[in-house]
Structures are given as C-alpha cells and as structure tokens.
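The numbering used here puts the sequence shown at residues 74 to 463. All residues carry an ideal CB built from backbone N, CA and C; glycine is no exception. Note sheet for the following structure.
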Amino acid sequence: MRSLRKTGAAGAVLVSVVLVLALLHSWPSRGYSTVDVWQRRGALHQDDRFNDHHLSAIPIRVRDSVAGLLSRNSCVCEGDSGGLNLPFSQLLFPRVSAHSLHTSFRPSELEELKRRRAHEFESYQRRAQTAADLLLIAEANSPLQFPTQGVEVRPLKTIIIPGLALHDSPRDLYTVNLTAGLGTLNVAAEVEAVRLRGDGDSHMTITSSALNSLNRQLQFVTYTNTQFHPSTADTVQFETDRHQASFIIKIRHSTTPKLYNTGSSQEYNVSALVTIATKTFLRYDKLQDLIDSIRKFYPTVTIVIADDSENPQSISGPFIEHYIMPFGKGWFAGRNLAVSQVTTKYVLWVDDDFIFSSNTKLEKLVDVLERTTLDLVRCNTSVFFQSGGK
Ligand SMILES: *[C@@H]1O[C@H](CO)[C@@H](O)[C@H](O)[C@H]1NC(C)=O
Ligand SMILES: *[C@@H]1O[C@H](CO)[C@@H](O)[C@H](O)[C@H]1NC(C)=O
C-alpha cells in the first residue's frame, strides 16, 4: 500500500516535470514576422506624390476618439491575453490558441516554410487582385482632388479617406462639403483655424480662410461605415463652390488568403498539389481501371470518389476516399461533394471511365496554373482547376 502510494507520488512528480518541460518548449521565445494580409499593392503611403510636404509643418491635434477607431482595422493572431498568465493555465483553461511558427517547426524547416508561404501569398495576390482594386487619385483639374478608386472599408469600420485636397484660386474663405450615404464623416485630427460643421454626421462642412490649413485638415477626414451591408459601395459627394465630385468607397469584408502547402521539393510534387476527383454510378469496373491506371503513374495522389449507386460496393486502398451518397443524387451533387473534400491547391476532375497513360502529365497542367493567373486548364474530358471556390 505504502509503496504503491510512493510510486504514485513519484509518477506525479515525473508527469509534472514532463509538463513543465513541454511548457518551456512551447513558450514563445522571440518575436515572429507574419504575412501582412492587409498589404496592398500601390498603397498610398508608399506614394509620395500626394503627400504635400509643405503641409506637414502645419500642427495638428489628434482626436483620440476617432483615431482609435483606425487601429481596429488590423488584427494580430495571438491567443487571448489578459488574466493571470500562470503555468498550466492554458492546459487547464484553454483559450483562443495561436501557434507560433517558430516553435512548431524545426529551425531548418522554418526558413524554407516561410519562403514557400511568401511565394504562395504572392501568387494568391496575383489571382485575387485586379486593377480595379488599385488606389487612383484624380489630380486637380477641377479644384477638387479626390481618390477615384481603391478606397475600401470593412463593414462598420473607419478609414482615413486618402488624397482629398482643394487647389483653388485665392479667396477670403474656402469651403468644402462632404456627404456620405451609408456612413458618417469625421476628422482624426483637428487643425487650427479650420471650422468644422457636421463632424460625426453624414454631411460635413469644412471652412477656413487659409487654404493650407484646409488642405491639412482634409488629410485627416475619416469615413465610418454605419449601415451594415457588405459587398456594396458608398458614393461620397465632395463639393466646393461651383464644383462637385463623387467617389466610391467600397464596403466589403477582406478575403482571407487561401495558402496551400505545396511540398518542399524544387520540382512539382503532384501528390502535395493535386487531388483527383470523380463521380461514379454503377460502373465499378471502369472505376477500377481508372484507379489502376492512376496508380501506375501517381501512386500517392489522393483520389476522391463520390458514389450514388444503389448498392454501393466497397472501394478501398491507400490515398482513396470513397463517399457514398443517397441513391441517384446525380452528377452535379456528386461533383460538388467530391470537390468539397479536396484539400490540395488543385483538383483534377475526371469521368470514371477516364484512363491515365504515360502521356498524362499532371506536372504540365500544374505548371500552367502555377505560372499564370488562370483558374482552369482543360485537356480532353478532364478539367483541372484551383480548389477552394473559383
Ligand atoms: C455646404 O453645405 C451647406 C449645408 O448643407 C450649404 O449651405 C452650403 O451651400 C454648401 N456649400 C457648398 C460649397 O457646397
Ligand atoms: C510529396 O507530397 C507528399 C504529400 O504531401 C509527401 O508525402 C511526399 O513526401 C512529397 N514528396 C517529395 C519528394 O517531397
């Protein structure tokens, strides 16, 4: 009895030593860089043309209540902080968890992994962004300078409207009006000798007797979306005496980049990049021929089979996923089911009577999609495309 208790106590000590070691091992030891999902090509702050340097001498007073809203546009993937950070608290009271890359991979893998991730992110951006997303600003041939496109806000969030300015001939008093439809206007900082009316409202008037002060103030105009309606746009009116302009602010959620692990070797690793999907109905002999022919050339490529036969037979083997559906669900339902189970970057769709030969080179199809922004390649009856919703 006594020795049993002793063993138990020793066991408990051992377990906690192991836990402490595990904890120390997973303790984040240094800062880490992240892929900046907000990174935009041609962002304004990299473009000095529209940052009038003679204006930067004019002093400003930051309006914390509005400026604070701007910081909410970005986020960092970290576990919840706050509360006591006791050892074991993560094990006992699991909270939002985020794994640090540095502790999840060996140092030797890490650099290579980061390089691949950056490459995938770039290729994602090439696909996901178009010229319509770039920020363009109309320079003043009317006295009003404003962004013509590329201004974007997430629903219910706040941004600074970039590029607003007035280039008017000398006069006693300069006035501009801004009017928004689905949100409110405000300023993130106030400028001396500028009068604001309607700040915090959808119609704001800015007045000053000094043109430079007015332009300085225009650098801090904010837009806050107040009507929740993603994937739409607000038209903002910008006017001064006898001149009027409108521009568009897109209201939309950001899309999360989809990045795939494409394998580490220099050549295309078809098993890591491609899943072969098919839909079958009754023709098990044809299906078996297809599987046999695939295995001759690609022994470790995953094959996803959707099957709505009345009396389904078992199809098994390494790297085969067989999904049995209710009888007669049909071709479209089967294709959707099969594609929904794909986790690789690309999927090859084939009919169940397709046969692979020594001329069926998936590497060539992968190469076309990797080198271009095309979404789909086709040869004979098979179709090859990016998984994940295009
Ligand atoms: C600006 O708006 C105010 C109030 O709506 C209006 O009285 C004024 O005429 C407008 N000024 C300009 C320059 O459009
Ligand atoms: C190719 O990818 C598969 C699946 O991810 C992996 O098991 C295999 O080791 C990779 N082969 C090479 C040569 O990297």
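Item to check | Beta-carbon contacts of Glu225 that lie in its chain and below 6 Å, excluding the five residues immediately before and after | outcome: Lys323
Next on the checklist: Assuming Val267 is part of the beta strand (DSSP E), what are its boundary residues?
Outcome noted: Val267 to Arg270
Next on the checklist: Measuring straight from C-alpha to C-alpha, what distance separates Ala262 and Asn342?
Outcome noted: 53 Å
Item to check | DSSP bridge partner residues for Arg368 (one or two, in chain order) | outcome: For Arg368, which the question treats as bridged, DSSP gives no partner whatsoever.
Checklist entry - With C-beta atoms as the reference, is Val249 less than 8 Å away from Ile279? => result yes
Next on the checklist: Let me confirm a value: Val135 is counted as buried when at least 16 other C-beta atoms fall within 10 Å, else exposed. Which label applies?
Outcome noted: exposed
Checklist entry - On the three-state DSSP scale, how would you describe Val420? => result strand
Next on the checklist: Buried or exposed for Ala82, going by 16 or more other Cβ atoms inside 10 Å?
Outcome noted: Below a pLDDT of 50, predicted positions are generally treated as unreliable, and Ala82, at 45, falls in that range; no measurement from the model is reported.
Checklist entry - Can you give the Cα-Cα distance for Ile367 and Leu174, rounded to whole angstroms? => result 36 Å
Item to check | Residues near Pro303 in its chain [Cβ-Cβ closer than 7 Å; skip 5 each side] | outcome: Pro228, Ile324, Arg325 and His326
Checklist entry - How many whole angstroms separate the CB atoms of Leu255 and Asp307, which I take to be in contact at a CB cut-off of 8 Å? => result 4 Å
Item to check | Nearest-angstrom Cβ-Cβ length linking Pro64 and His316, presumed shorter than 8 Å | outcome: For the chain, the structure presents residues 74 to 463; residue 64 sits outside this window and is missing.
Checklist entry - Okay, do the segment 334-354 and the segment 278-295 touch, 3+ Cβ pairs below 8 Å being the bar? => result no
Item to check | Of the listed residues Tyr333, Gln292, Pro399 and Gln339, nearest to Thr353 (C-alpha basis) | outcome: Pro399
Checklist entry - At a cut of 8 Å, does the segment 424-443 reach the segment 386-399 through at least three beta carbon pairs? => result no
Next on the checklist: Thr221 and Ala519 - do their beta-carbons sit closer together than 8 Å?
Outcome noted: As displayed, the chain neither begins before 74 nor continues past 463, which places residue 519 out of reach and without an answer.
Next on the checklist: Quick check on this structure: which residue in Gln386, Leu421 and Lys230 has the alpha carbon closest to the alpha carbon of Val139?
Outcome noted: Lys230
Checklist entry - Can you pull the DSSP bridge partners for Thr328? => result Answer is none; Thr328 lacks a bridge partner.
Item to check | Distance between Leu251 and Glu193 (C-alpha atoms, nearest Å) | outcome: 41 Å
Checklist entry - Is any heavy atom of ligand 2 found at a distance shorter than 7 Å from the C-beta of Thr373? => result yes
Checklist entry - Got a sec, what are the start and stop residues for the alpha helix (DSSP H) Asp137 sits in? => result Asp137 to Leu143
Checklist entry - Got a sec: does ligand 1 put a non-hydrogen atom nearer than 7 Å to the Cβ of Asn288? => result no
Checklist entry - Starting from Lys352 and walking both ways along the alpha helix (DSSP H), at which residues does that stretch end? => result It is not in any alpha helix (DSSP H) - Lys352 instead sits in the beta strand (DSSP E) that spans Val347 to Thr353.
Checklist entry - Would you call Arg270 buried or exposed, if buried means 16 or more other Cβ atoms sit within 10 Å of its Cβ? => result exposed
Next on the checklist: Just to be sure I understand the criterion: a residue counts if its Cβ is closer than 5 Å to at least one heavy atom of ligand 2. Which residues meet that?
Outcome noted: Gly336, Ser338, Asn342, Ser344 and Ala345
Checklist entry - For Thr308, does the three-state DSSP call read helix, strand or coil? => result strand
Checklist entry - Can you tell me the Cα-Cα spacing of Asp274 and Arg268, whole angstroms? => result 15 Å
Item to check | Beta-ladder partner(s) of Asp274, from DSSP | outcome: Leu258
Checklist entry - Looking at Thr486 and ligand 1, is the gap between the Cβ and the nearest heavy atom below 7 Å? => result Coverage of the chain is limited to positions 74 through 463, which leaves residue 486 absent and any answer about it impossible.
Item to check | Which listed residue (Arg289, Pro385 and Asp241) has its alpha carbon closest to that of Val264 | outcome: Arg289
Next on the checklist: Taking 7 Å as the limit, name every residue whose beta carbon sits nearer than that to some heavy atom of ligand 1, in sequence order.
Outcome noted: Thr248, Val249, Asn250, His276, Thr278, Glu312, Thr313 and Asp314
Checklist entry - Beta-carbon separation of Lys331 and Phe429 under 8 Å? => result no
Next on the checklist: Less than 8 Å between the beta carbons of Arg190 and Thr446, yes or no?
Outcome noted: no
Checklist entry - Would you report the Cα separation of Val412 and Leu208, rounded to the nearest angstrom? => result 36 Å
Checklist entry - What are the boundary residues of the alpha helix (DSSP H) that Val412 is part of? => result Trp404 to Ser413
Next on the checklist: The beta strand (DSSP E) that contains Leu209, what's its start and end?
Outcome noted: Leu209 to Ala211
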